[in-house]
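Q: Last residue of the sequence shown? That's 229 in the numbering used here, and every number before it is there in order.
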Amino acid sequence: MTRGHSSYHRAMAATNRESILAAATRLFLDSGYDRTPLARVAERAGVSRATLFKQFPTKAELFEATVLAAGGSPAPEPVDLPAGDLHAGLVALGRAYAELLTRPHMVALMRTVIAESPKFPELRERTFDFGTLPVLEALGRYLRETHAAGSADIDDPDLVSAQFLGMIASAIFWPRLMHGTWSITEDEQSRTVQEAARTITTRYATTAPSPPPPLRH
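#1: Shortest alpha-carbon distance to Leu171 belongs to which of Tyr216, Val147, Ile184, Arg203?
#2: If you count every other CB in all the chains shown that lies within 10 Å of the CB of His99, and 16 or more means buried, which is it?
#3: Name the residue from Phe185, Arg188, Ser163 whose alpha carbon lies nearest to the alpha carbon of Ile212.
#4: Who are the near neighbours of Ala54 in its chain, counting only those whose CB is closer than 6 Å to its CB and skipping five residues on each side?
#5: If we count the other Cβ atoms within 10 Å of its Cβ and call it buried at 16 or more, is Met13 buried or exposed?
#6: Please state whether the Cβ-Cβ distance between Pro169 and His159 is less than 8 Å.
#7: From this set, Tyr109, Ala23, Glu30, which residue's C-alpha is nearest Gly178's C-alpha?
#8: DSSP on Ala164, reduced to helix/strand/coil?
#9: Report the residue from Pro130, Leu105, Ala181, Thr193 whose alpha carbon sits nearest the alpha carbon of Tyr45.
#10: Let me check understanding here. Comparing Cα to Cα, which of Ala35, Ala72, Val205 lies closest to Glu128?
#11: By DSSP's criteria, Ala57 is part of a beta bridge. Which residues make up the other side?
#12: When the Cα of Glu207 is compared with those of Leu39, Ala183, Ile196, which residue comes out closest?
#13: So the candidates are Ala25, Asn28, Phe75; which of them puts its Cα closest to the Cα of Leu47?
#14: Starting from the Cα of Val119, find the closest Cα among Gly192, Ser43, Ser31 and give me that residue.
#15: How is the alpha helix (DSSP H) around Ser173 delimited, first residue to last?
#16: Comparing C-alpha positions only, which one of Ser202, Val125, Thr214 sits nearest to Asp111?
#17: Ser18 to Ala26, Cα distance in whole Å?
#18: Check for me: the alpha helix (DSSP H) holding Thr70 runs from which residue to which?
#19: For Ala82 versus Leu121, is the C-beta spacing smaller than 8 Å?
#20: For the alpha helix (DSSP H) that contains Thr211, what are its first and last residues?
#21: Please report how far the alpha carbon of Arg56 lies from the alpha carbon of Glu30, in whole angstroms.
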């Protein structure tokens, strides 16, 4: 196979994958996990069943990819992370994470996971590796780099990441998941991120951060 042919096939595979994920997202949201056969996804995506099964051999794998795609596409804008200022870096990453949590399909897909997984062992046993999402990868790198630079004492970046993201999700995501009519203003969302960053900075920073802007009420 020539390089040109190889590039063409990779591009076609990527295009087919996008079409499959878009079709699967709509069908899972409209019909649920149980009532979404893979053949219907293939038909809606405009691909053959063989093409779909080559990329996603099982419905559980397709659903996992659909959930992760909701958090990773479109890719977030690159976050400018200031060196030596843990608080400012966390605020930038926290805002990117909040944007991910409030994407249109994220809550609906997670409701489907919770509702459907008890009935389907193959779905319940899937590992949704949210650590592969760009924002979460960037946070892990930033915490490790900050520790290596001596700006923070973070021996366990995974633990600190969970603490930071948990404070944000508990205010922005979980109430929305549980209560369909619940909402949060942009100011409240910003304050949540600022407070989470301030808490982590107070606990782990080894150098004095720049004073954060005053919280808006």
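For glycine and all other residues, C-beta sits at the position ideal for the given N, C-alpha and C.
A: This is what the structure holds:
#1: The residue with the shortest Cα to Cα distance from Leu171 is Tyr216.
#2: Classification for His99: buried.
#3: Distances from the alpha-carbon of Ile212 to those of Phe185, Arg188, Ser163 put Ser163 closest.
#4: Counting only Cβ-Cβ distances below 6 Å, and skipping sequence neighbours, we find Arg61, Leu64.
#5: Its pLDDT being 48, under 50, Met13 is placed unreliably in this model, and the value from its coordinates should be taken loosely. By the neighbour-count definition (other C-beta atoms within 10 Å, threshold 16), Met13 is an exposed residue.
#6: Going by C-beta atoms, Pro169 is nearer than 8 Å to His159.
#7: Gly178 has its Cα closest to that of Tyr109, out of Tyr109, Ala23, Glu30.
#8: Three-state result, Ala164: strand.
#9: It is Pro130.
#10: Checked all of Ala35, Ala72, Val205; the closest Cα to Glu128 is Ala72.
#11: Beta-bridge pairing links Ala57 to no other residue.
#12: Closest in alpha carbon position to Glu207, among Leu39, Ala183, Ile196, is Ala183.
#13: This sequence places Arg at residue 47; Leu is not what is there. For Arg47, the nearest C-alpha among the options comes from Phe75.
#14: Checking every option, the nearest Cα to that of Val119 belongs to Gly192.
#15: Per DSSP, Ser173 belongs to the alpha helix (DSSP H) from 169 to 184.
#16: According to the sequence shown, residue 111 is Glu rather than Asp. Closest option to Glu111, Cα to Cα, is Ser202.
#17: So the alpha carbons of these two residues sit roughly 12 Å apart.
#18: DSSP places Thr70 in no alpha helix (DSSP H); its state is neither H nor E.
#19: Yes, they are a contact pair.
#20: Where Thr211 is concerned, the enclosing alpha helix (DSSP H) stretches over 198 to 216.
#21: About 12 Å.
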